[in-house]
Amino acid sequence: MNQKRRFTPEFKKEAVALVTEQSYTIAKAAASLGLSAKTLHTRVTLARNQNDGVLSDDERAELKRLRKENKELRLEKEIPKKGECLLCEAHVVRYRFILDNADKFTVRRLCRVMHVTVSAWYTWRKKPAEPAEKDMETRARLKALFAASRQGAGSRTLVKKLREEGISTSRWRGGKLMQEEGLVCRQRRAYKVTTKPRPGAEVAPNLLNQNFTPQGPDQVWVQDITYLKTGEGWLYLAAIMDLYSRRIVGWQVDKRMTSTLVCRALMKAYNLRNPSRGLVMHTDRGSQYTGNRFQSMLKSYGLRSSMGDVGACRDNAVMERFRGSLKHEWLLLVPQPTRAHMKQDVATYIRHYNLERNHTANGGISPVRYEQQAEKKVSCLN
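Those letters in the sequence shown? Residues -17 to 364, by the numbering used here.
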């Protein structure tokens, strides 16, 4: 008899997150992770219902109201104690306190605690700020955004975020403020050749030829292997990106760098996206990609193999950039004591990369948002 499969809590959270956070259907998410759709549906339902149990409609409504009320009271207690001493200060002092904490609490809740009206705060907020006050606000947000990026964001990214928040500044000004505040983003290390071709292996032609701008989704995918160092030893990440939106559509980590690693990443991507036959799968000439197992899987899926030259990092420049962002914007900025910790941090970054990180190639928006906008355009044309 087959033993019953056991899943770690991290695996269960990742499976539920595919549905609740990344908008995949239960069927696609289950197929990519090797679960039954029924099992995943149960886990998603439990997560959404938060184990409310079997309640009547009135009981459920009352429970929801009490939870909301309890949440509001808890949040109001979390508002910094220093705000209490400002209640006797002038309104402008309280307005500034609300502005400083608006990223942590809602404006309505802050106004209620500080005894000012929401309309009065917004009226004050719309007034042109004094030069010194505006400079202090820009510096404060710049430092907060820099810290949130794990000290990995540069002036271009930070200025883009500031503009999204309604703080107008130039990239030159942003760079100057970073310099004055001592905000230096981590520099990327030089590229090192790690590809090891299999002697005598058949090499596919370079169909990509450094053309990184396909006309639609799921036309060209690129895959690469990344080395990740932890306190327990090495971990290897195989990630697949759709060049159209720069979205990571499949990934897998393992303690060993084998054909199983790259094949599982491909299987996840294929099951999640279900691309048409003829899609180009571009890789380097590593033995994991030239091997019979990976090439046979490509043929069974109807995908075309494409390979860059040995050591030519520009042939897979987009994935090289993702690898650099992953390490220097995220993983290398905090200790990675165990493989489990590293895997969880990789999953967190990929969600951030797909859902939140803005990309120049996408017109300054995230991969998921770029795909959603493309789908809307297609639906309007139809």
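No residue lacks a Cβ here, since even glycine has one placed at the ideal position from N, Cα and C.
It should be emphasised that the depicted structure is a prediction, and the values quoted were computed from it without experimental measurement.
Residues bridged to residue i by DSSP?
| i | result |
| --- | --- |
| Thr212 | Gly215 |
| Trp203 | Asp224, Met263 |
| Gly198 | Its beta-bridge partners do not exist; DSSP assigns none. |
| His341 | Ile347 |
| Gln355 | For Gln355, which the question treats as bridged, DSSP gives no partner whatsoever. |
| Trp312 | Partner(s): none; Trp312 has no beta bridge. |
| Phe121 | In the sequence under discussion, the amino acid at residue 121 is Arg, which differs from the Phe named in the question. BP columns for Arg121 are empty, so no partner. |
| Gln234 | Ala220 |
Taking residue i as part of the alpha helix (DSSP H), name the residues at either end of that continuous run.
| i | result |
| --- | --- |
| His73 | 73 to 83 |
| His264 | Segment 262 to 265 is the beta strand (DSSP E) holding His264; no alpha helix (DSSP H) there. |
| Asp327 | 321 to 337 |
| Thr105 | 100 to 108 |
| Val141 | 137 to 146 |
| Pro(-9) | -9 to 2 |
| Leu15 | 8 to 15 |
| Val89 | 89 to 96 |
Do residue j and residue i have their beta-carbon atoms positioned less than 8 angstroms apart in this structure?
| i | j | result |
| --- | --- | --- |
| Ala(-3) | Leu22 | yes |
| Asn298 | Val231 | no |
| Met263 | Leu280 | yes |
| Thr120 | Leu144 | yes |
| Leu190 | Ser288 | yes |
| Met239 | Tyr252 | no |
| Arg321 | Glu214 | yes |
| Leu261 | Gln201 | yes |
| Lys125 | Glu163 | yes |
| Val98 | Arg76 | yes |
| Val235 | Val328 | yes |
| Thr208 | Met324 | no |
| Arg267 | Ser241 | no |
| Ala(-1) | Arg333 | yes |
| Glu311 | Arg132 | yes |
Give a yes or no on whether the minimum CB-CB distance between residue i and chain B is below 8 angstroms.
| i | result |
| --- | --- |
| Phe(-11) | In the structure shown, chain B does not exist; there is a single protein chain. |
Can you name the start and end residues of the beta strand (DSSP E) that residue i belongs to?
| i | result |
| --- | --- |
| Gly157 | Element bounds for Gly157: not the beta strand (DSSP E) but the alpha helix (DSSP H), 153 to 163. |
query: Between the segment 119 to 139 and the segment 148 to 159, do at least 3 Cβ pairs fall closer than 8 angstroms?
result: By the Cβ rule, the segment 119 to 139 counts as touching the segment 148 to 159, because three or more pairs are nearer than 8 angstroms.
query: Is the segment 242 to 257 in contact with the segment 336 to 343, if contact means three or more CB pairs nearer than 8 angstroms?
result: no
field: Length at least 3, wholly inside the segment 236 to 310: the beta strand (DSSP E) runs in chain order
entry: 262 to 265, 286 to 289
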